[in-house]
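**Q** Sending over a structure as structure tokens; questions will come in a sec.
In this note's numbering, the protein residues as written are 3 to 292.
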């Protein structure tokens with residue numbers, strides 16, 4: 003593996019693994035590429051987790067990846083073991099049981115090689131051949147395409163109110179396309195305008211998101227955030243309008259329901275913003291909360 007030259011690309015290797023400790027010591031692995039160690043990890047959990055290592059790798063070339071389990075042992079009758087579900091290369095997953103994978107048990111010398119398996123009961127190495135197709139050279143950037151988009155400043159108003167708990171009001175972050183651009187504590191108990199100025203590309207559609215992040219129950223009081231509407235460039239969108247969604251919990255797209263006024267859980271209210279909404283200005287008056 004050459005570490006010089008202009009054909010290097012950034013590659014992320016992610017190992018999905020778990021372990022069994024012995025004597026208070028968890029299994030340890032070294033990640034090797036073409037014989038050179040590019041990272042190490044202690045697999046310190048008995049549940050499946052992801053261990054990520056990044057490296058610069060020669061593009062348009064095949065490579066040999068090895069997950070080397072190097073501290074197998076027994077302690078007090080307990081056997082230390084490493085378990086590997088899969089390894090991914092820039093998002094492409096290869097299972098430990100893939101037909102191309104082998105397990106070189108004991109000394110990594112090619113003498114005791116079996117098919118790949120998840121359970122590494124002995125020290126050794128999982129050998130994973132990686133085709134050149136996983137390492138395409140980066141495209142040469144078009145200088146014109148690299149120019150930043152022309153943005154304009156727009157007003158965003160979140161019409162909200164809240165219910166405190168333990169003397170602490172609800173708090174939200176304002177996100178645009180997933181990036182935080184502002185925040186506010188909502189101490190008001192009746193609908194109040196929380197005003198922001200954000201930069202948007204008027205040639206693109208966007209998402210303006212209200213992310214409620216401190217939900218809690220304190221002494222029987224349930225802290226909650228309420229959003230009546232979001233106004234972008236004078237265009238008002240009710241929190242329960244068509245197209246608005248409420249992603250409860252983490253912003254991961256896994257628990258998404260239709261938009262609503264009451265944010266009873268931490269989560270993100272996403273409001274679609276069309277290009278037409280950024281072309282002109284319309285004055286609207288917030289409606290009173292229900």
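Idealized CB from N, CA, C, for every residue including glycine. Being a predicted model, the structure only gives us computed values, none of them experimental.
List the endpoints of the continuous beta strand (DSSP E) containing residue 241.
**A** Counting along the chain, residue 241 falls outside any beta strand (DSSP E), and DSSP gives it neither H nor E.
**Q** Three or more beta-carbon pairs under 8 Å between the stretch 206-217 and the stretch 168-184, yes or no?
**A** The stretch 206-217 is in contact with the stretch 168-184.
**Q** Have a look at residue 6 and residue 90 and give me their C-alpha separation to the nearest angstrom.
**A** At residue 6 the pLDDT is 45, less than 50, meaning the model places this residue with poor confidence; the figure from the coordinates comes in the next sentence. Between residue 6 and residue 90, the C-alpha separation is close to 24 Å.
**Q** What is the rounded straight-line gap between the Cα of residue 156 and the Cα of residue 235?
**A** Computed Cα separation, rounded: 6 Å.
**Q** Mind checking which residues open and close the beta strand (DSSP E) that includes residue 247?
**A** Element bounds for residue 247: 247-250.
**Q** Using only alpha-carbon positions, find the residue among 79, 9 and 46 that is nearest to residue 22.
**A** Ranking 79, 9 and 46 by Cα distance to residue 22 puts 46 first.
**Q** Can you grab the Cα-Cα spacing for the pair residue 232 / residue 274, in whole Å?
**A** Rounded to whole angstroms, residue 232 to residue 274 spans 10 Å at the Cα level.
**Q** From 278, 99 and 193, pick the residue whose C-alpha is nearest to that of residue 240; which is it?
**A** Of 278, 99 and 193, the residue nearest in Cα terms is 193.
**Q** Nearest by alpha-carbon distance to residue 124: which of 164, 18, 29 and 197 is it?
**A** Comparing Cα positions, the closest option is 29.
**Q** Using a Cβ-Cβ cut-off of 8 Å (strictly less than) and excluding sequence neighbours within five positions of residue 225, which residues of its own chain qualify?
**A** Around residue 225: 164, 165, 166, 167, 168, 170, 171, 172, 216, 217, 218 and 219.
**Q** Report all residues from its chain with a CB closer than 6 Å to the CB of residue 264; omit the five preceding and five following residues, and keep chain order.
**A** So the qualifying residues of the chain are 228.
**Q** With burial defined as no fewer than 16 other Cβ atoms inside 10 Å of the residue's Cβ, what is the status of residue 50: buried or exposed?
**A** Under this definition residue 50 is an exposed residue.
**Q** If distances are taken between C-alpha atoms only, which option among 41, 68, 209 and 62 comes closest to residue 55?
**A** Nearest C-alpha to residue 55: 41.
**Q** Secondary structure at residue 329, three-state DSSP: helix, strand or coil?
**A** In the structure as shown, the chain starts at 3 and stops at 292, and residue 329 therefore has no counterpart that could be examined.
**Q** Give me the residue from 76, 15 and 281 with the minimum Cα distance to residue 57.
**A** Selected option, being the one with the closest Cα: 15.
**Q** In this structure, does DSSP put residue 19 in helix, strand or coil?
**A** Three-state DSSP puts residue 19 in a strand.
**Q** In whole angstroms, what separates the C-alpha of residue 64 from that of residue 37?
**A** Computed Cα separation, rounded: 13 Å.
**Q** State the DSSP-derived secondary structure class of residue 135, mapped to helix, strand or coil.
**A** Three-state result, residue 135: helix.
**Q** Is the CB-CB distance between residue 261 and residue 253 below 9 Å?
**A** For residue 261 and residue 253, no; Cβs fall outside 9 Å.
**Q** Return the chain-ordered list of same chain residues with a C-beta closer than 6 Å to the C-beta of residue 249, the five sequence neighbours on each side being excluded.
**A** Result list for residue 249: 258, 269 and 270, in chain order.
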